[in-house]
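The numbers in the working numbering rise by one with no breaks, and the one at position 80 of the sequence shown is 203. Beta carbons are placed, not taken as given, at the ideal position from N, Cα and C, and that holds for glycine. First comes the structure, then the notes that go with it.
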Amino acid sequence: MSSAGYGLNPQHVTRKEVDIMDTNINSTTLSLVKGDITQQDTEAIVNAANSRLAGGGGVDGAIHRAGGPGIMEECRKIGGCPTGSAVITTGGNLKARYVIHAVGPVYRDGKGKEKKLLESTYRNSLEIAIEKGIKSISFPSISTGAYGYPIKEASKIALCTIIDFIKANKELDIIRFVLFSESDLKVYEESLGKVKGEG
Ligand code: AR6
C-alpha cells in the first residue's frame, strides 16, 4: 500500500513514442496518454456529446467521422441524453466495439451544478460500461473544449470520480484518459499526483 492508501504504483513508460503514465488501483490500471480517442483499441471509447446527441465538433465530430453514419443512426433512435448522463451505441467502423456518449456540463462560473454534473457524467459512463460487461474504456477530457470547463479543475474532478469508482468496483481492467495535447497531458499528470496525495 502506498501512502495514499489504495495501492497506487505510478510508472512512466515510453511506448511507441507515446508518453504513458500507468497507475494501478486495486485491479484496474489507470493510464494517461497523449493521443486521438478515435484510434483507441479499448472495448469502449467515450464521446464528449451534447444532450441532443446531434453530433458536433471536437471529439464528437471526430468519432462520428471515423465511426461512420451507423453511430448517428443509433443516436437518432435513442433521441437524446440529459446533461450528466450517458448512453451507449455500437462503435461502427471504429476499433472500439462500443461508444458511450456522455454529456458533460457547459461551464459558466463554477458556482452552479457544474462539478456535480461532471462527476455524474464520468460515473454514469462507468456504470454503463460495467452493465455491458466492458473491461476496458478510454475517456477524453469531457467538457474542457467547447464546453469551457477549466482543465485543471475538470481533471481533478474526473480523476477523483474515477479513482473513487474503481476503489468500489473491481470489474474494469483498463481506464485510459486520452489527452489531445502535451499540455493537457501534463495537467492531468499533475492532477493525478495531487489527487493521489489527497487520497
Ligand atoms: N481525441 C482526444 N481528445 C480530443 C479529440 C480527439 N480526437 N478532439 C478534441 N479533443 P470537446 P466538450 C479534446 O469540445 O468540451 C461538441 O461539439 C479537446 O482538445 O470535444 O465536452 C459536442 O457536440 C478537449 O480537450 O468536448 C458538444 O456540443 C476535449 O477533447 C460539445 O462539443 C473535449 O473537447 C462538447 O464539448
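Asked                                                                                                                                                                                : Found
Report all residues from its chain with a CB closer than 8 Å to the CB of Glu140; omit the five preceding and five following residues, and keep chain order.                         : Caution is warranted here: a pLDDT of 43 is assigned to Glu140, below 50, making its placement in the model unreliable, and the coordinate value is therefore given only provisionally. Same-chain partners within the cutoff: there are none.
Could you name the residues of the same chain whose beta carbon sits closer than 7 Å to that of Gly203, not counting the 5 residues immediately before and after it, in chain order? : Ser174, Arg175, Leu176
Please classify Ser261: does DSSP put it in a helix, a strand, or coil?                                                                                                              : strand
Does the region 291-300 come close enough to the region 150-162 that 3 or more CB-CB pairs lie under 8 Å?                                                                            : yes
Determine the burial state of Pro273: buried for a count of at least 16 other Cβ atoms within 10 Å of its Cβ, exposed for fewer.                                                     : exposed
Sorted by chain position, which residues of the same chain lie with C-beta nearer than 7 Å to Ser126's C-beta, five sequence neighbours on each side aside?                          : With a pLDDT of only 38 at Ser126, under 50, the local geometry of the prediction cannot be trusted, and the value read off the model is given with reservation. Excluding sequence neighbours, Ser126 sits near nothing in its chain.
Could you check whether the Cβ of Asp159 sits closer than 7 Å to any heavy atom belonging to the ligand AR6?                                                                         : yes
Inspect the CB distances between the region 310-320 and the region 162-172 and report whether three or more fall short of 8 Å.                                                       : no
Which whole-angstrom value describes the C-beta separation of Ser278 and Tyr311, a residue pair presumed to lie in contact below a C-beta threshold of 8 Å?                          : 5 Å
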